[in-house]
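Asker: Please find one structure pasted underneath; my questions will follow.
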Amino acid sequence: ECDAKVLAEQERKEAEQESIMLKKKNKKLEEAVTTSQQAQDKAEKHIKEMNDRVSTLQTQNAYLASRIDGQEEEKNAVKADIKGVSDRTKDLTADNAKLRDEIDKLEEEVAHHVNDREQYKQELEYIKREDVLDEAGRQRPILIQS
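Okay, here's the thing in structure tokens:
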């Protein structure tokens, strides 16, 4: 009976020690679970922040892509305008050259006509002197002196 008591006491002590050890392990596990939950909460918060940032960047990227597309359209429209102006400038330059040539030709004709007119005036003056005509083209009376 004594041996059974000692054996029972020993088993009780062993069970108590095992219980204490299991309680310590359980406490450590609970602390580890709490720490891991805190780390998980922190990681989830970081993931949410990163997802929000990704969403913001995607929105910004879509906006910038649409702006780029709009600017491409504007650039193409400006290129078309520049080509139109360039073509118009070429046409105007050709027209200007033609008009300049025509002006030069007309100035030459005017100079020729002015020269002809001067010649005709001189001829008319000569004829008037020779035929003794007045400014209106009538014959001047001849004064005979006695």
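All residue numbers for the sequence shown refer to the UniProt record's numbering, where the first residue is 1 and numbers rise by one. Quick reminder that beta carbons are idealized off the backbone N, C-alpha and C, glycines included. Since we're looking at a predicted model, the values are computed, not measured.
1) Going by DSSP, which residues form a beta bridge with Leu133?
2) When the Cα atoms are used, what is the spatial distance from Asp131 to Asp104?
3) State the DSSP-derived secondary structure class of Glu1, mapped to helix, strand or coil.
4) Measuring only the C-alpha atoms, how far is Thr89 from Val54?
Answerer: By the coordinates alone:
1) Partner(s): Gln139.
2) In this structure, the CA atom of Asp131 is about 40 Å from the CA atom of Asp104.
3) It is coil, neither helix nor strand.
4) Each residue's alpha carbon lies about 51 Å from the other.
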